[in-house]
């Protein structure tokens, strides 16, 4: 049974499900999840298989997101002390990249961009000085 607080649950779209007699895991980029479920999402345009994972965020060590393709160049010492790192790929096709003069990390792992608070699922850090986010999170039509 999949049981996860909403604030820790996250949809993943590109993943591999390994299902054997010994173990069942979901591989999301460079992260292995053993607490997950898989379902099908139907929209007017498509049918897509998605995974729902439960990130290990706590009040004591909230999650911050690191872009999955940036994990190797991200300084391990910068975040690990007070936060739990979550590696993810944003769901938008062409994310915006912002330099550190435009954002700040809050103690709860959320990000503040131009006065807008974003949860850890809405951004990913490229390194200590840059982040990616989907345009829809900060721009309105």
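Residue numbers (the numbering used here): -12 to 128. Ideal placement from N, C-alpha and C gives every residue a C-beta, glycine not left out.
Query                                                                                     : Result
Opening and closing residue of the beta strand (DSSP E) in which residue 102 lies         : Run containing residue 102: none; DSSP gives neither H nor E here.
Strand pairing of residue 45, partner residues [DSSP]                                     : Looking at the DSSP assignment, residue 45 forms no beta bridge with any residue, so it has no partner.
Cβ pair residue 23, residue 41 closer than 8 Å                                            : yes
Continuous beta strand (DSSP E) stretch holding residue 117: start and end                : 117 to 120
Residue 64 versus residue 80 - alpha carbon distance                                      : In this prediction, residue 64 has a pLDDT of 47, which is less than 50 and means its spatial position is unreliable; what the coordinates show is noted afterwards. Their Cα atoms are separated by approximately 30 Å.
C-alpha distance - residue 110 paired with residue -9, whole-angstrom precision           : 21 Å
Enclosing beta strand (DSSP E) for residue 54 [first to last residue]                     : 50 to 54
Residue span of the beta strand (DSSP E) that contains residue 25, given as start and end : 23 to 29
Coarse secondary structure for residue 64, derived from DSSP in three states              : Unreliable positioning characterises residue 64 in this predicted model, as indicated by a pLDDT of 47, which lies under 50. The coordinate reading is nonetheless provided below. Residue state, collapsed to three classes: helix.
Selected residue, minimal CA-CA separation from residue -3, among 126, 92, 75, 124        : 75
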